Amino acid sequence: MRDAGGKISIYEFLGYNMVEISGQENGVNEQIVHQLEYYFGNINLPRDKFLQDKMKADDGWIPIPVMITFNRLKLLCDDPEKIADAVAAVPSDIIQLSEDKKRIRRNISNSLPENSLEYWQKIKNRTVYMKGFPVDTNLDEIMKFASQFGNTENVLMRRIKTERTFKGSCFVTYKTREEAEIAQKSDVKFGEVELTKMMQEDYWTMKQKETKEAKAAAQAAKRAKADEEQAVKKAPKPVHFEKGLVLAISNLPEETTISKIKDLLASFGPVGYVVHEAGSKEAQIRFHGEADGAKKAWEKANESSKLKMGENELEGRVLEGDEEEKYWSDFNEQKARRNESSRGGRGGRGGRGGRGGKNFRGGKRRNDGGDGGHPKKKIFVDEKEG
1 MRDAGGKISI YEFLGYNMVE ISGQENGVNE QIVHQLEYYF GNINLPRDKF LQDKMKADDG
61 WIPIPVMITF NRLKLLCDDP EKIADAVAAV PSDIIQLSED KKRIRRNISN SLPENSLEYW
121 QKIKNRTVYM KGFPVDTNLD EIMKFASQFG NTENVLMRRI KTERTFKGSC FVTYKTREEA
181 EIAQKSDVKF GEVELTKMMQ EDYWTMKQKE TKEAKAAAQA AKRAKADEEQ AVKKAPKPVH
241 FEKGLVLAIS NLPEETTISK IKDLLASFGP VGYVVHEAGS KEAQIRFHGE ADGAKKAWEK
301 ANESSKLKMG ENELEGRVLE GDEEEKYWSD FNEQKARRNE SSRGGRGGRG GRGGRGGKNF
361 RGGKRRNDGG DGGHPKKKIF VDEKEG
């Protein structure tokens, strides 16, 4: 990460916020050159848009005052002349100093590797993930620890993006794969802390697996929630009703109709709904009004003598308990289906909800209790509320 003026210089291919490396514990001149080599090095420069843009203006040359805008270099030295003297004094195959000693550029005899996926894969192959550092650990301390296993090329301190604080883990790139493997396999502690270490490709494989598993778990949880919500929707709803309103009668004439049943019982109480199948000798009649309306109507119907329809003496009883609850559950379910069908059939003429055909207004309602026929299946009929 470029540490001046919001300019970016990061290993974007790794997806983490990073910092520039410091020099080894050598003299100031060596540290200055080492830091400059980082900026113009094989890892940072291909990803550094700021430096690349500046290099286009003057054949690759960057004024030394521009380089001092980088905080880590500025901490080492903020004097352009002393920086020029350091570059002149310390041999480097990565950077070179202009003749006027005012500019620095990447050594033209040492061209950058091709900025390709294969190149960055080679970088990953010699990079070690280390985790467990105390969060107050600084870059120099990590460099000192990592360098005991081999020549470090770069250290990437991982930070919490929102707070910019060190999160205790880093990526250390070594100059060779062998050095990286030595670092990864070593059991040397950082002070009293035992670190978790693995090769970077193994780390990314682990993270990809974790991400895949987390995604699968999230999808499973989402499906489970949807199934639960669907189950709640399908679960039987509590049935609320006024008790004692449904009368079951039997021994009806086979040729009877819904209309005749309603006419027979209407004088004993306000009939609301009738359930009857063509040819059946049984029917269920629901009365409007207060609780026990069916009992009162049946008692009234049999005050002087047993109620008859034609020559048939009728038997009656008021539905109670589970039988009564099932009646109301069936009624509510059918009512919901009827409402749903009505909502889906609105709009437009013809077809479902149109005016043509047998269901146009003014025609006889199929289940109005007329003598012309019966529904083919059990139907709840209500002249007042239907």
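Residue numbers for the sequence shown follow UniProt numbering, so the first one is 1 and each next one is one higher. The beta-carbon is built from N, C-alpha and C at its ideal position, and this holds for glycine as well. What you are looking at is a predicted structure, and each value in this text was computed from that prediction instead of being measured.
Only exposed fits Glu192, as fewer than 16 other CB atoms lie within 10 angstroms of its CB.
The bridge partners DSSP lists for Met199 are Val128. Taking the Cα of Ser280 as reference, the smallest distance to any Cα among Arg286, Arg103, Ile261 and Lys124 is reached at Ile261. Per DSSP, the unbroken beta strand (DSSP E) holding Asn154 starts and ends at Thr152 to Ile160.
Fully enclosed beta strand (DSSP E) runs of no fewer than 3 residues occupy 271-275 and 283-287 of the region 259-298, in order along the chain. In the structure shown, Thr205 adopts helical secondary structure according to DSSP, grouped into three states. In the DSSP secondary-structure assignment, Gly316 is bridged to Ile249. Per the C-alpha coordinates, the member of Leu156, Arg126, Phe149 and Gln148 positioned closest to Leu139 is Leu156. Looking only at Gly60, Gln148, Arg47 and Gln230, the smallest Cα-Cα distance to Ser186 is reached by Gln148. In the same chain as Thr165, and ignoring 5 residues on each side of it, the C-beta atoms closer than 8 Å to its own belong to Val135 and Arg159, in chain order. In this structure Lys197 is not in contact with Tyr119, their Cβ atoms being roughly 24 Å apart against a cut-off of 8 Å.
Pro65 has its alpha-carbon roughly 31 Å from the corresponding atom of Ala146.
In this structure, DSSP gives Ser147 a helical state, which the three-state scheme calls helix. Judged by DSSP secondary structure, Leu73 falls outside any beta strand (DSSP E) and instead within the alpha helix (DSSP H) spanning Asn71 to Leu76. For Leu97, the enclosing beta strand (DSSP E) starts and ends at Ile95 to Leu97. Short of 7 Å from the beta carbon of Pro46, and not among the five residues preceding or following it, lie these beta carbons of its own chain, in chain order: Leu112 and Asn115. Rounded to whole angstroms, the Cβ separation of Glu201 and Thr173 is 13 Å, and the two are not in contact under 8 Å. In this structure Met67 touches Leu36 by the C-beta definition: roughly 7 Å separates them, less than 8 Å. Closest in alpha carbon position to Asp292, among Leu307, Ile43, Glu254 and Pro270, is Pro270.
Gly316 is a Cβ neighbour of Leu247, given a cutoff of 7 Å.
Boundaries cannot be given for Phe190, as no alpha helix (DSSP H) includes it and DSSP labels it neither H nor E. Under the three-state reduction of DSSP output, Phe166 falls in the strand class. Closest by C-alpha distance to Gly272, out of Ala278, Ser109 and Gly289, is Gly289. Distance from the CA of Ser341 to the CA of Ser329, rounded to the nearest whole angstrom, comes to 18 Å. Closest in C-alpha terms to Arg106, from the list Asp100, Leu75 and Tyr39, comes Tyr39. Boundaries of the alpha helix (DSSP H) around Arg177: Arg177 to Lys185.
Secondary structure at Phe171: strand, using DSSP grouped into helix, strand and coil. Counting only residues of its own chain and dropping the five nearest sequence neighbours on each side, Asp53 has no CB closer than 7 Å to any other CB. C-alpha of Ser250 to C-alpha of Arg343: approximately 36 Å in a straight line. No residue range can be given for Ile68, since it is assigned to no beta strand (DSSP E) and is classified by DSSP as neither H nor E. Scanning Glu179, Glu299, Glu255 and Glu242 for the CA closest to the CA of Leu265 turns up Glu299. Lys124 sits away from Asn151, with the two beta carbons spaced by 7 Å or more.
When the Cα atoms are used, Leu73 and Val33 turn out to be separated by approximately 9 Å. Looking from the CA of Lys122, the closest CA among Ile43, Arg337 and Ile258 belongs to Ile43.
The C-alpha of Lys222 lies about 21 Å from the C-alpha of Gln208.
Leu97 is positioned such that its CB atom lies no closer than 7 Å to that of Val90.
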